[in-house]
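Everything below concerns the one structure shown next.
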Amino acid sequence: MQDLADLERRIAAALQRIGDGIESLAIAPPQSAPNTAAPDRDDDRIHQIEAELAAVRRANAALRDRVAELEAAATAAPAETPAAPPSEETAALQARIDKMTAQLDVQGLEMHRMRKTVVQLRENLRGLRRAQAANLADPEQINRAMMAELEAVRVTRLSEVAEMDEILSELTPLIKEERADA
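Residue 15 in the numbering used here sits at position 20 of the sequence shown; the count goes up by one each step and never skips.
Below is the structure:
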C-alpha cells in the first residue's frame, strides 16, 4: 500500500509540473495571430493535445480513485490477516498508471515544444510582414522564418509520432489477445 501512496504522489507531482508548464505558457500569449494556415493548424493540434491531456488526467483520476478504494478495502481488512502479495488487479493498475504518467509527460513536452515553435513562427512572420510593408527584403529574416516553419513541421511530426506510439501501445495488447483467442 505504501507503493500505491508513493505512486499517487508521483502522479500528482507530474500533473502539477505539467499544469505549471501549461500555465506559464498561457501567461504570455502572442500579441497578434498571423494570417496563415500553418499556425491555425498548430493551434488546432495544440487544442487536440490539450483535450487528450484532459482525457488522460480524467483516466488518472479514475485510477487514483480505484487505488484509494483498494487501499480503503485493505485497511478495513482484519489486522490478523497476513499481508498478501499485491493482487494482479493492483499490479495491472500500477502498470497502467505508470504508462499513463509517461504518456502524460510526453504529451506535455510535445505541447510545450509546439507552443514554443508557434510563438517563434508568429514572431518571424510578423517581422516579415513589417519588412514587406516597408518594401525591405531581408534575406536573413526570410531564412529565420523558413527555419521556424521547418521547426514547426518537425515538432508536429514528433507530436504525431508520439501519438502513434500511444495508439500502438494500446492496440498491441488487444492484438495479442485476439491472436490468443483465434
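Every residue gets a Cβ at the ideal spot worked out from N, C-alpha and C, and that includes glycine.
Assigned secondary structure, residue i (DSSP; H/G/I helix, E/B strand, else coil)
i	result
L131	coil
A28	Model confidence at A28 stands at a pLDDT of 46, short of 50, so the residue's coordinates are unreliable and nothing is read from them.
S164	helix
S82	coil
A8	helix
Own chain partners of residue i with C-beta closer than 6 Å, once the 5 adjacent residues on each side are dropped
i	result
D133	A126
Top-ranked residue by Cα proximity to residue i, from the options
i	options	result
E161	M141, S82, V101, E173	V101
V148	R52, R36, R5, Q11	R36
8 Å Cβ cutoff met for residue i and residue j
i	j	result
L116	A143	yes
L99	L166	no
M106	I44	yes
V156	R108	no
Residues near residue i in its chain [Cβ-Cβ closer than 7 Å; skip 5 each side]
i	result
A140	N119, L120, L123
L3	One detail in the question is off: residue 3 reads as Glu in this sequence, not Leu. Here the set comprises R59, V62.
A9	T96, L99, D100
Length of the line joining the Cα atoms of residue i and residue j
i	j	result
Q89	I41	29 Å
T112	A67	46 Å
N55	N138	43 Å
I83	L145	Position check: residue 83 holds Glu in this sequence, whereas Ile was assumed. Distance between the alpha carbons of E83 and L145: 47 Å.
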